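Everything in the sequence shown is counted per the numbering used here, starting at 10 for the first residue and increasing by one. Shown next, in structure tokens, is the structure this report addresses.
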Amino acid sequence: MIRSIVRGNGAALPRRIMKNADFEGMVETSDEWIVQRTGIRQRHVAADDETTASLGEAAGRAALDSAGLTPADIDLIVLATSTPNNTFPATAVDIQNRLGMHHGFAFDMQAVCSGFVYAVATADLYIRGGLAKRVLVIGSETFSRILDWSDRSTCVLFGDGAGAVVLEAAQGTGGIADRGVLAASLRSDGVHKEKLFVDGGPSTTGTVGHLKMEGREVFKHAVGMITDVIEATFAQAGITAQDLDWFVPHQANKRIIDASAKKLGIAEQKVVVTVDLHGNTSAASVPLALSVAVADGRIKKGDLVLLEAMGGGFTWGAVLLRW
Ligand code: UT7
10 MIRSIVRGNG
20 AALPRRIMKN
30 ADFEGMVETS
40 DEWIVQRTGI
50 RQRHVAADDE
60 TTASLGEAAG
70 RAALDSAGLT
80 PADIDLIVLA
90 TSTPNNTFPA
100 TAVDIQNRLG
110 MHHGFAFDMQ
120 AVCSGFVYAV
130 ATADLYIRGG
140 LAKRVLVIGS
150 ETFSRILDWS
160 DRSTCVLFGD
170 GAGAVVLEAA
180 QGTGGIADRG
190 VLAASLRSDG
200 VHKEKLFVDG
210 GPSTTGTVGH
220 LKMEGREVFK
230 HAVGMITDVI
240 EATFAQAGIT
250 AQDLDWFVPH
260 QANKRIIDAS
270 AKKLGIAEQK
280 VVVTVDLHGN
290 TSAASVPLAL
300 SVAVADGRIK
310 KGDLVLLEAM
320 GGGFTWGAVL
330 LRW
């Protein structure tokens, strides 16, 4: 059977780093509160000339370089984002043009923080369905543009950035020893809309709007939803937590990551944590975490890796792959 294997990966971050202490004069908060409640120590914030498209392009180029490929080798770009450069056209098409790619096709995928997990699962289906041979999957966000910078309960949590992988069709046996995407589970439930949303949009207010979150409510649902969808993914693949080499969760809050890993019985040393460095970068968080763990030599070819995310909608999901 056809498998979608990871041929390369990359990342891009805005130049400016904002430390927790930098918020202290802006809103009533402290480095101590932010670190204790979230694990976040710093985040990158985009300058005017840094956008979802420019960061996505840079991450895409880095992924292509690591794969030893050029844009000519790609036939589909899937961009996961909730902060597109424009309402339309899709920012993926902008990135396609920036890469000098005038063949193939590109589209955006909107599943907020679960966007990258949804995009990998979708790209895998395009590859296995024969519509694409090599897909550039990007998660890119500039959440700094939709934050209410006077709301301490949200503005300290998010950051900007982008990460990408190149998925490529390869022959597999259909077994768990294959490289590539092995199983995926996706969920959504709109009943939770009001707990995490942006209060604007083209068809309602005609404005971009600002992020609103009932953090405690999101927190309450997060661990159960994450662990359920991961257990469904394990069952699909016929594996247990002990078989995993690496757990690469969505980076929203260190306490959610720790509680999920504990409930699943995943050893602490197998968990990739980058929330301290990037904050919550929504659809970019999982590929950014991947890029750190690949660059420092933790994730190696052949390792069994579990990706997971949960966010606005709610949406949530998991992808199991062998790197
Ligand atoms: O990526 C999408 C998924 N999103 C998430 O997973 C986020 C999930 N939620 C969370 O991570 C946490 O709920 C937060 C980090 C947002 C908040 O942590 P918490 O432990 O749930 O705190 P809380 O909301 O219960 O607030 C505790 C207190 C409140 O004060 P009172 O009511 O106890 O007097 C808040 O007003 O902390 C206050 N607070 C702050 N204090 C200092 C809220 N934000 C801040 C702040 N600095 N930045």
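Idealized CB from N, CA, C, for every residue including glycine. Keep in mind that this is a model prediction, so the values were computed, not measured.
As assigned by DSSP and simplified to three states, the class of residue i
i	result
residue 212	coil
residue 34	coil
residue 201	helix
residue 67	helix
residue 61	helix
residue 29	helix
residue 18	strand
residue 299	helix
residue 91	coil
residue 73	helix
residue 155	helix
residue 304	helix
residue 318	strand
residue 186	coil
Given residue i as reference, the closest of the options once Cα atoms are compared
i	options	result
residue 58	22, 285, 235	22
residue 270	154, 200, 235, 246	235
residue 121	298, 25, 113, 261	261
residue 284	46, 248, 15, 37	46
residue 275	205, 248, 86	248
residue 144	171, 101, 184	101
residue 196	14, 320, 18	320
residue 110	251, 97, 69	69
residue 253	224, 328, 287, 199	328
residue 65	31, 296, 317	296
residue 114	81, 167, 230, 92	81
residue 72	172, 200, 132	172
residue 272	37, 211, 250, 87	250
residue 177	89, 300, 306, 134	134
residue 242	256, 230, 229	256
residue 104	127, 60, 203, 158	60
residue 5	225, 277, 315	No answer is possible for residue 5: the residues shown for the chain start at 10 and end at 332.
residue 190	50, 36, 322, 312	312
residue 224	124, 85, 323	323
residue 34	96, 232, 161	161
residue 141	112, 165, 169, 159	112
residue 292	309, 51, 226, 258	258
residue 29	86, 107, 166	166
residue 31	181, 50, 136, 19	50
Residue i, enclosing alpha helix (DSSP H) - first and last residue
i	result
residue 47	40 to 47
residue 134	124 to 137
residue 162	161 to 164
residue 107	100 to 107
Residue i - containing beta strand (DSSP E), residue span
i	result
residue 177	169 to 180
residue 117	114 to 118
residue 151	143 to 151
residue 326	324 to 331
residue 53	51 to 54
Any non-hydrogen atom of the ligand UT7 within 7 Å of residue i CB
i	result
residue 166	yes
residue 262	yes
residue 319	yes
residue 224	yes
residue 197	no
residue 219	no
residue 161	yes
residue 104	no
residue 129	no
residue 52	no
residue 243	no
residue 231	yes
residue 205	yes
residue 227	yes
residue 18	no
residue 43	yes
residue 94	no
residue 265	yes
residue 289	yes
residue 46	yes
residue 259	yes
residue 90	no
residue 38	yes
8 Å Cβ cutoff, residue i in contact with chain B
i	result
residue 174	In the displayed structure, chain B is absent; only one protein chain is listed.
For the segment 218 to 293, list the beta strand (DSSP E) runs that are entirely contained and at least 3 residues long, ordered along the chain.
-> 220 to 222, 255 to 258
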